[in-house]
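Participant: In UniProt numbering, the protein residues as written are 1 to 599.
The structure follows.
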């Protein structure tokens with residue numbers, strides 16, 4: 001059974017020009033919108049870029065980079081002109097990306113929360129020897145450079161640079177210099193049309209929640225398709241633009257990249273934050289009268305846990321909250337609706353293999369727990385454990401997708417790996433879910449969990465999300481994640497990592513809390529879900545940049561010999577508190593977090 005987008009959204013494939021270039025398309029689309037709003041606003045300084053300034057800066061910087069690197073737009077192939085971008089959100093971030101496209105290159109988006117080992121590996125794999133970074137991240141570049149086979153040919157800084165890199169001998173020019181130099185150079189030749197379906201625009205890192213990060217190949221047609229899908233879905237759903245949106249999601253992540261492009265092309269303003277700070281975010285909503293928030297569930301969970309914030313800040317301008325990257329628990333959703341009933345919580349689902357967004361919600365057809373409906377020109381199928389196709393609603397299986405935005409694969413794959421990327425043209429997502437028909441007649445996707453995260457107890461599939469949901473609503477617990485660990489009798493058993501609201505508990509308090517959690521799970525779930533006191537305390541769950549829990553780090557912790565059980569391993573004892581795990585915690589709230597799907 002093939003599940004389809006709503007009947008009220010048209011196909012978008014005919015809207016993708018075969019020779020489109022992201023930079024040219026975005027700038028022309030913005031101009032066509034007729035919006036007079038400033039597309040980019042800095043949340044910290046209040047500085048703004050007009051559309052005219054953005055176009056001028058793209059033109060000047062393109063000329064300056066070609067001069068510095070001795071390139072011309074039509075020289076060579078894109079794969080020979082890879083430029084790494086390691087930076088926080090700023091007014092210039094997308095300007096830099098569009099300049100790279102204007103000169104015929106590929107933008108390698110690097111995440112600041114990724115380890116220097118992985119960043120150097122990505123640069124090596126992409127054959128990237130040009131790096132554009134920012135003053136805030138220059139100190140971390142030292143270790144990255146130490147791990148590269150050879151130093152980058154050139155390094156540029158988005159803002160003024162006062163940091164010296166002892167292992168880099170060249171001059172680090174900053175963008176203000178380059179803008180000035182470029183404004184005095186002759187115009188560049190026009191970029192010759194290239195096939196948008198095979199010309200690469202971005203190398204984008206995957207989330208790495210279950211294993212090492214990969215570099216997804218994003219073509220110009222891929223990105224334009226996903227942005228167009230979003231625009232057509234929302235316009236068909238009756239959403240009105242232009243608007244003012246919150247730009248706190250990292251632009252080096254698919255979710256932030258697509259949503260910020262979408263805001264730009266439809267004429268919105270984006271208030272950009274370099275990183276997440278709850279008070280500064282709420283202050284900017286109040287000052288700029290932001291109407292749409294793009295967030296991840298941990299932030300909403302923190303807001304729900306601190307209702308006093310709604311008294312301190314005027315958030316009455318907010319109409320919609322778009323949620324992606326991870327699932328939002330029912331308890332958090334209900335609490336937010338009671339606190340701010342006028343807010344529409346619009347949930348989406350996606351994955352890097354389709355650039356970012358695959359499904360989305362509309363305010364007129366909200367289904368609790370749903371991740372929304374398929375975007376136009378997307379299709380879904382469900383396959384059960386025996387490999388058979390599911391032909392009914394409300395029956396869970398692995399989600400397979402076809403999408404106008406589906407990428408060609410990952411960088412560095414051999415032919416054998418590439419042949420497994422799709423099965424008969426369908427992308428196996430590794431996500432377990434089901435479809436349910438809404439009263440409006442639309443197919444809604446409900447995500448259950450990641451296939452890799454499912455726990456096999458006595459041959460039965462146990463969904464860790466069910467246990468996590470119950471743990472998070474327990475008194476004394478602010479967050480929880482559950483993984484499977486080897487068990488001699490059952491094959492696997494669930495192990496819970498929980499974040500207590502009180503960090504300095506006595507040994508007796510720990511025992512009592514473990515017993516409380518254990519008994520609660522026993523009372524509400526069947527025997528295969530029982531924790532058997534396999535509960536570990538942790539100060540904070542490790543999260544990726546998008547807010548998803550990095551369960552691979554928890555699995556590594558679970559294997560460590562130094563986790564000497566006390567008060568109960570294997571059904572007899574509890575476990576000592578685990579210190580905060582090193583790793584990228586990404587965008588998270590300062591006081592309280594909660595979560596666990598994808599975008």
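The beta-carbon is built from N, C-alpha and C at its ideal position, and this holds for glycine as well.
Would you mind reading off the limits of the alpha helix (DSSP H) that contains residue 264?
Facilitator: 254-266
Participant: Whose C-beta lies closer than 8 Å to the C-beta of residue 90 among residues of the same chain, with five residues either side of it excluded?
Facilitator: 42, 134, 158, 159, 272 and 274
Participant: Could you pull the start and end residues of the alpha helix (DSSP H) that residue 270 belongs to?
Facilitator: No alpha helix (DSSP H) contains residue 270, which is instead part of the beta strand (DSSP E) from 269-272.
Participant: Out of curiosity, what's the CA-to-CA distance linking residue 608 and residue 284?
Facilitator: Given a span of 1 to 599 for the chain in the structure shown, any question on residue 608 remains unanswerable.
Participant: In three-state terms, what does DSSP make of residue 20?
Facilitator: coil
Participant: For residue 428, which residues in the same chain have their Cβ closer than 7 Å to its Cβ, ignoring the five residues on either side in sequence?
Facilitator: 398 and 400
Participant: Would you mind sorting residue 270 into buried or exposed? The rule is 16 or more other CB atoms within 10 Å of its CB.
Facilitator: buried
Participant: Grab the span of the alpha helix (DSSP H) containing residue 62 for me, first residue to last.
Facilitator: 51-69
Participant: Rounded to the nearest angstrom, how far is the Cβ of residue 558 from that of residue 485, given a contact under 8 Å?
Facilitator: 5 Å
Participant: Looking at the unbroken beta strand (DSSP E) that takes in residue 42, where does it start and where does it end?
Facilitator: Run containing residue 42: 40-42, per the beta strand (DSSP E) assignment.
Participant: As an exercise, report each continuous alpha helix (DSSP H) stretch of at least 4 residues that is fully enclosed by the segment 311-343, in chain order.
Facilitator: 330-339
Participant: Taking just the CA atoms, how far does residue 178 sit from residue 185?
Facilitator: Whole-angstrom Cα-Cα distance: 11 Å.
Participant: What does the Cβ neighbour count give for residue 99, buried or exposed, with the cut at 16 atoms within 10 Å?
Facilitator: buried
Participant: Is the separation between the beta-carbon of residue 554 and that of residue 535 shorter than 9 Å?
Facilitator: no
Participant: With residue 107 as the anchor, note down where its beta strand (DSSP E) starts and where it stops.
Facilitator: 106-110
Participant: Jot down the residue ranges of each uninterrupted alpha helix (DSSP H) in the segment 524-548, minimum 4 residues, whole runs only, in chain order.
Facilitator: none
Participant: Within 8 Å, do at least three Cβ pairs link the segment 164-182 to the segment 59-66?
Facilitator: Contact between the segment 59-66 and the segment 164-182 is present, because at least three Cβ pairs lie under 8 Å.
Participant: When burial is assigned at 16 or more other CB atoms within 10 Å of the CB, is residue 349 buried or exposed?
Facilitator: Residue 349 counts as buried, since at least 16 other C-beta atoms from the protein chains shown sit within 10 angstroms of its C-beta.
Participant: According to DSSP, what are the bridge partners of residue 426?
Facilitator: 423
Participant: Could you please give me the residues that DSSP links to residue 142 through a beta bridge?
Facilitator: Residue 142 pairs with nothing; no bridge assigned.
Participant: Measuring straight from C-alpha to C-alpha, what distance separates residue 409 and residue 197?
Facilitator: 13 Å
Participant: According to DSSP, is residue 373 part of a helix, a strand, or is it coil?
Facilitator: strand
Participant: I'd like to confirm the pairing. Which residues does DSSP put opposite residue 294 in its beta bridges?
Facilitator: The partner list for residue 294 (beta bridge, DSSP) reads 322.
Participant: Three Cβ pairs or more, each shorter than 8 Å: is that satisfied between the segment 364-382 and the segment 421-437?
Facilitator: yes
Participant: Taking the alpha helix (DSSP H) that residue 551 falls in, what are its first and last residues?
Facilitator: 551-559
Participant: So residue 82 packs on residue 127, CB below 8 Å; how close in whole Å?
Facilitator: 6 Å
Participant: Assuming contact is defined by CB atoms lying nearer than 9 Å, are residue 302 and residue 259 in contact in what I supplied?
Facilitator: no
Participant: Taking the continuous beta strand (DSSP E) assigned at residue 359, which residues delimit it?
Facilitator: 357-360
Participant: Kindly indicate which residue of 263, 295 and 226 has the alpha-carbon position closest to the one of residue 278.
Facilitator: 295
Participant: Can you give, in chain order, each stretch of the beta strand (DSSP E) that sits fully within the segment 387-416 and has at least 3 residues?
Facilitator: Every unbroken stretch of the beta strand (DSSP E) spanning 3 or more residues and falling wholly within the segment 387-416 is given here in chain order: 397-403.
Participant: Between the C-alpha atoms of residue 31 and residue 446, what's the straight-line distance to the nearest angstrom?
Facilitator: 38 Å
Participant: Which stretch, first to last residue, makes up the beta strand (DSSP E) that contains residue 118?
Facilitator: Run containing residue 118: none in the beta strand (DSSP E); it sits in the alpha helix (DSSP H), 116-125.
Participant: In chain order, what residues of the same chain have a beta carbon less than 7 Å from the beta carbon of residue 394, not counting five sequence neighbours either side?
Facilitator: 434 and 436
Participant: Go through its chain and collect everything with a Cβ distance to residue 601's Cβ below 8 Å, but skip five positions before and after it.
Facilitator: Outside the shown range of the chain (1 to 599) lies residue 601, about which nothing can therefore be said.
Participant: Out of 312, 144, 360 and 146, which has the shortest C-alpha to C-alpha gap to residue 237?
Facilitator: Nearest C-alpha to residue 237: 360.
Participant: Which residue wins for smallest C-alpha separation from residue 300, given the options 291, 313, 314 and 335?
Facilitator: Residue nearest to residue 300 within the set 291, 313, 314 and 335 is 335 (criterion: CA-CA distance).
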